[in-house]
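**Q** Below is the structure I would like to discuss, written out as structure tokens.
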Amino acid sequence: DAGVIQSPRHEVTEMGQEVTLRCKPISGHDYLFWYRQTMMRGLELLIYFNNNVPIDDSGMPEDRFSAKMPNASFSTLKIQPSEPRDSAVYFCASSLVREGYNEQFFGPGTRLTVL
Amino acid sequence: AQSVTQLDSHVSVSEGTPVLLRCNYSSSYSPSLFWYVQHPNKGLQLLLKYTSAATLVKGINGFEAEFKKSETSFHLTKPSAHMSDAAEYFCVVSDAGFQKLVFGTGTRLLVSP
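Sequence lines, in order, name chains W and Y. Here the first sequence is numbered in the working numbering, starting from 74 and rising by one per residue. Here the second sequence is numbered in the working numbering, starting from 41 and rising by one per residue.
Below is the structure:
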């Protein structure tokens, strides 16, 4: 298995532009998570899906952020309009909950820089 | 609510010496606990997991962790550090629904020759 795939790996954009991050989870996994990592705040959970349905989006910072999962093999995280404070590494993770625990597999991340 | 506290933000060791990264957890139920490692500019990789089976858990690359309920601890150890172990390590606990993970603030392990 190729693992969790994220694209692009690096994104540099200007303030006000729309940014779309993409994620392909591991085949057969039924949970998908989006995280943001910064020096100041560490690793934060933004939103997660179960069977393509958003379950908890309480970590999404504001309305400029939105996430979708149109099918079991694809998810997007969109920022519109982007701001410099959105600069961070965004990770996607997927898992298959079994035996009462949740082992998440992380993608390599997308490093976003908003100028 | 579940939480983990990583007691050291940085740990420095010499190559070949033991490694100890400390983690205390808080949970109202029997928790699932994990250690993840993140090498520079990489994603997070699972090192090991505790899911209420054996209290001594063995992971990859020679790492171990022991679940101690009386001390609410889940410390990560390795008998002999290697240069390639230099990375950031996260102690993690599952939430009550075993869906969300709660991450600690991380411990950066530095290994000197």
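Each residue gets a CB set at the ideal place from its N, CA and C atoms; glycine is no exception.
1. Applying a beta-carbon distance threshold of less than 9 Å, which residues of chain Y neighbour E84(W)?
2. How would you write the range of the beta strand (DSSP E) that T149(W) sits in, first residue to last?
3. Under 7 Å Cβ-Cβ, which residues of chain W neighbour G146(Y)?
4. Measure from the alpha carbon of F151(W) to the alpha carbon of each residue in A145(W), K141(W) and P157(W), then state which is nearest.
5. Identify which residue in F74(Y), S52(Y), V59(Y) and Y69(Y) has its Cα closest to the Cα of G144(Y).
6. Note down, in chain order, every chain W residue with its Cβ under 8 Å from the Cβ of F143(Y).
7. Run down chain Y in chain order and give the residues with a C-beta less than 9 Å from the C-beta of F164(W).
8. So which of P153(Y), K140(Y), S152(Y) and S124(Y) has the shortest CA-CA distance to P80(Y)?
9. Should the stretch 84–92 of chain W be called in touch with the stretch 134–149 of chain W, which here means at least 3 C-beta pairs below 8 Å?
10. Determine, using beta carbons only, whether F179(W) comes closer than 7 Å to chain Y.
11. Against chain Y, does N144(W) count as a neighbour if the rule is that its beta carbon must be under 7 Å from one of theirs?
12. Of all the options S113(Y), T147(Y), K82(Y) and L96(Y), which has the alpha carbon lying nearest to the alpha carbon of Q79(W)?
13. How many angstroms separate the CA atom of L150(Y) from the CA atom of A126(Y)?
14. Are the CB atoms of Q85(Y) and S67(Y) nearer to each other than 7 Å?
15. Between which two residues does the beta strand (DSSP E) carrying Y69(Y) extend?
16. So, for S72(Y): in the same chain, excluding its five sequence neighbours on each side, which residues have a beta-carbon less than 8 Å away from its beta-carbon?
17. Could you check what DSSP says for I120(W) in three-state terms: helix, strand or coil?
18. Using DSSP with H/G/I as helix, E/B as strand and the rest coil, what is P157(W)?
19. Name the residue from K98(Y), L141(Y) and S70(Y) whose alpha carbon lies nearest to the alpha carbon of S110(Y).
20. Using only the alpha-carbon positions, how far apart do V97(Y) and K140(Y) sit?
21. Show which residues of chain W have a CB atom less than 7 Å away from the CB atom of S120(Y).
22. Take T45(Y) and list the residues in its own chain whose beta-carbon comes closer than 6 Å to its own, dropping the five residues that flank it on each side.
23. How would you call A105(Y), buried or exposed, if buried means at least 16 neighbouring beta carbons within 10 angstroms?
24. Could you tell me which of Q153(W), F122(W) and N124(W) sits nearest to P134(W), measuring between CA atoms?
**A** On the basis of the coordinates in this document:
1. Chain Y residues near E84(W): none, gap ~15 Å exceeds 9 Å.
2. Unbroken beta strand (DSSP E) run through T149(W): F147 to I152.
3. Annotation: Cβ neighbours of G146(Y) in chain W (cutoff 7 Å, chain order): G115.
4. Note that residue 151(W) is Lys in the sequence shown here, rather than Phe. Here the closest residue by C-alpha is K141(W).
5. Minimum Cα-Cα distance from G144(Y) among the listed residues F74(Y), S52(Y), V59(Y) and Y69(Y) corresponds to F74(Y).
6. Within chain W, the residues near F143(Y) are G115 and L116.
7. Residues of chain Y passing the Cβ test: G83 and L84.
8. Answer by Cα proximity: S124(Y).
9. No, they do not touch.
10. Yes - at least one Cβ of chain Y is within 7 Å of the one on F179(W).
11. It does not: the Cβ of N144(W) has no partner Cβ on chain Y nearer than 7 Å.
12. Here the closest residue by C-alpha is K82(Y).
13. Cα to Cα, L150(Y) sits roughly 5 Å from A126(Y).
14. Not a contact, by the Cβ cut-off of 7 Å.
15. Where Y69(Y) is concerned, there is no enclosing beta strand (DSSP E), given that its DSSP letter is neither H nor E.
16. Once the five neighbours on either side are set aside, the close Cβ partners of S72(Y) are K89, Y90, T91, S92, V133, S134 and F138.
17. The answer is strand: DSSP assigns I120(W) an E or B state.
18. Note: P157(W) maps to helix in three-state DSSP.
19. Ranking the options by Cα distance to S110(Y), first place goes to S70(Y).
20. Between V97(Y) and K140(Y), the C-alpha separation is close to 21 Å.
21. Residues of chain W passing the Cβ test: none, with the nearest at roughly 27 Å.
22. Excluding the 5 residues flanking it on each side, T45(Y) has same chain C-beta neighbours closer than 6 Å at N64, in chain order.
23. By the Cβ neighbour-count rule, A105(Y) is buried, with 16 or more other Cβ atoms within 10 Å of its own.
24. For P134(W), the nearest C-alpha among the options comes from Q153(W).
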